[in-house]
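S.K.: Below: one structure in structure tokens.
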Amino acid sequence: MSKLKNLISRYSFLVVIIFVCLVLFSILLYRSTSYPYTHDESFTYLVHSKLSLKDILLYNGYCPANNHLINTLSVKFFSKVFGASEITGRLASLIAAIVYFASSFLLVKRYKDKFWAILSFIILNSSPYVFSYFALSRGYSWAVAFMLLSISLLLTGIKKHEEKLTFFSCIPAGISVIANFTMLSFFIPFIIVLFVRFFFNLWSKYKTQLIQKKSIAEIKQFLFPVSISLVLVLIFCVYPIYKLQLDGQLYYGVSPISKLPKDSQLYYGGNSSFWADTVNSLIFKSFGHLSSLDFILPFIRILIVSVLVLSVTYVVFHLFKKELNVFNSSVALVFFILLGCIIVNIAQHLILHSPFLIERTALFYITLFLLLLIEISAVLCNKLYNLRHLIKTIYFLICILSVANFYLFNLKKISDWQFDMNNKELIDYLISEHEKDRDGEIRLATSWLTDQSISYYKEIYGLDWLITNRYAREEDKINEYDYFYYDKYAYKDYSFKGLRLKVINNYEDSGYILSKKVAHNDYKSL
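For the sequence shown, our numbering gives the first residue as 68, with consecutive numbering after it.
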């Protein structure tokens, strides 16, 4: 009877996980086909994916920081095989989502309590800011997916006493750096933790006289995958990062090679503190849409501090008590990796004068924190037996908050490229206008921010009749254009403010206005 009960429990768990994955993947599929292609995505397609394989690998294109290697290669491949479209450009990120789901499942299946495992899976997969990047053609999706895969292999290997699995966890960690250079902040502490854990365990065997000749073979087994990951990072990252530095394009806050010159373009980041820049930017991006609820953001900050304090207390307690091999503890390992990431980021700022990672460049911190939250909650629930009901209740409430936040997150907007939200509607309108006069051209003036996305649609739809001011200064020969697509503030500042313009549409999502030049008095003042 107990075997039957366990069988039902196991399959019920799988059914729920599969159902959650299908729901999440359906949302991603909808978003990947309905979102307009953004500025950064369009730049990757228009510039980097058109390069030869050699030039892509050597970062020879204009603005090489936009070249997220795995993503660029995927865009190039899928566009050639299936044709250029939003879905083919974002197909790689959808595949990364499957890797992320599978890694999450590998992590939570370690728990005997399957209801707890389901809650943990939901928490790990309902961060709306992380989730949004699995529907965008950027390297951050693969970076986070490979990071989670590396940690899941490490913790699963420890749980199953399969050391080879823990050794090979460093390979996806190395690949995450190739996906996006910001992951060097993760790769460095991960490799250090892996080394320390391995040699600590080896030393423990030596002290207990368990070391034998086979330990030499174990060292070789360890060094083989570590060497592969290091070689991958060296081959694909050292030269490109050096090149990005020389080109003044390394503005994502990572450079372990040499000190960056003060006049380089290190502008995407913060210079206040790790908490003020990195943590607060992630909180705002994840919960900014709930800012009307005053208690939410302080609660999130309290939760972050509480998880960190509890983790430190747990690790320090067991180090002094010597009741536990701390390097085989999931809480300790995730905590050391997260702490290492923070230290690397702060050290880069102090020594290399690179900015603190913010927003999408710091995306991986969200997943690392959620992992630590899950692991410390599970340990406390098991250790503090008398408080287990309280801990489970708090954990359940955190899960409910996570789901509610995910549900309330606006699925129609891309927070980092909101200015591109109405570009498809704009293109549809211009196509309808062109159909009235098929022999005529439409000349559209717009900002450099939106022009990339518009140029993308111009190319994939074959809109040769659409003339834009791509790469030109916005005020150059502005009176030669028929349509103007700018945000409302631009109309007050640019040289076309004296023209007679009729408002065609005021797009609320992007905050942009489409207007048309008219030769009579039928216009609205801007």
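Glycine included, every Cβ here is placed at the ideal spot set by N, Cα and C. Since the structure is predicted, the reported quantities are computational estimates derived from the model, not experimental observations.
Would you report the Cα separation of N268 and A151, rounded to the nearest angstrom?
M.R.: 51 Å
S.K.: Just the C-alpha distance for N490 and I521, rounded to the nearest angstrom, thanks.
M.R.: 7 Å
S.K.: Give the secondary structure of G337 by DSSP, where H, G and I count as helix, E and B as strand, and everything else as coil.
M.R.: strand
S.K.: Under the rule that 16 or more other beta-carbon atoms within 10 Å means buried, what is R205, buried or exposed?
M.R.: buried
S.K.: When DSSP labels each residue in this structure, what does L581 get in the three-state scheme?
M.R.: strand
S.K.: Under 7 Å between C-beta atoms, does G224 make it to chain B?
M.R.: The structure shown has no chain B; it contains just one protein chain.
S.K.: By a C-beta neighbour count over all protein chains shown, 10 Å radius and 16 as the cutoff for buried, is R427 buried or exposed?
M.R.: Buried.
S.K.: Determine the closest residue to P195 out of E153, L91, S378, L438, with distance taken between C-alpha atoms.
M.R.: Cα-wise, what sits closest to P195 is L91.
S.K.: Nearest CA to the CA of I367: which residue from I545, V379, S353, S378?
M.R.: For I367, the nearest C-alpha among the options comes from S353.
S.K.: Ordered along the chain, which non-local residues of its own chain (more than five positions away) have a Cβ less than 6 Å from that of I441?
M.R.: S187
S.K.: On the CB-based measure, 16 or more other CB atoms within 10 Å of its CB, does Y474 come out buried or exposed?
M.R.: exposed
S.K.: Give the DSSP bridge partners of F423, in chain order.
M.R.: G337
S.K.: Taking 6 Å as the limit between beta carbons, can you name the residues of its chain near S141, skipping five residues before and five after?
M.R.: A159
S.K.: So S116 and T139 are in contact, right, with Cβ under 8 Å, and what is the actual spacing, rounded?
M.R.: 6 Å
S.K.: Which value, in whole angstroms, describes the spacing of the CA atoms of A557 and F235?
M.R.: 53 Å
S.K.: Compare the C-alpha of G336 against each of I527, G355, L566, P422 and name the closest.
M.R.: The shortest C-alpha separation from G336 is found at P422.
S.K.: For D554 and V87, I'd like the C-alpha separation in whole angstroms.
M.R.: 39 Å
S.K.: Could you give the first and the last residue of the continuous beta strand (DSSP E) run that contains R510?
M.R.: 509-513
S.K.: Quick check: what's the CA-CA separation for A399 versus I259?
M.R.: 14 Å
S.K.: Tell me whether Y432 sits in a helix, a strand or coil according to DSSP, three-state version.
M.R.: helix
S.K.: Buried or exposed for W270, going by 16 or more other Cβ atoms inside 10 Å?
M.R.: exposed
S.K.: Do you know whose CA, among F168, K480, L568, lies nearest E575's CA?
M.R.: K480
S.K.: Go to N573, then tell me how far its beta strand (DSSP E) extends in each direction, as first and last residue.
M.R.: Secondary structure note for N573: its beta strand (DSSP E) is the uninterrupted segment 568-573.
S.K.: Using a Cβ-Cβ cut-off of 7 Å (strictly less than) and excluding sequence neighbours within five positions of R597, which residues of its own chain qualify?
M.R.: The shown model of the chain, from 68 to 593, leaves out residue 597, and the question about it has no answer.
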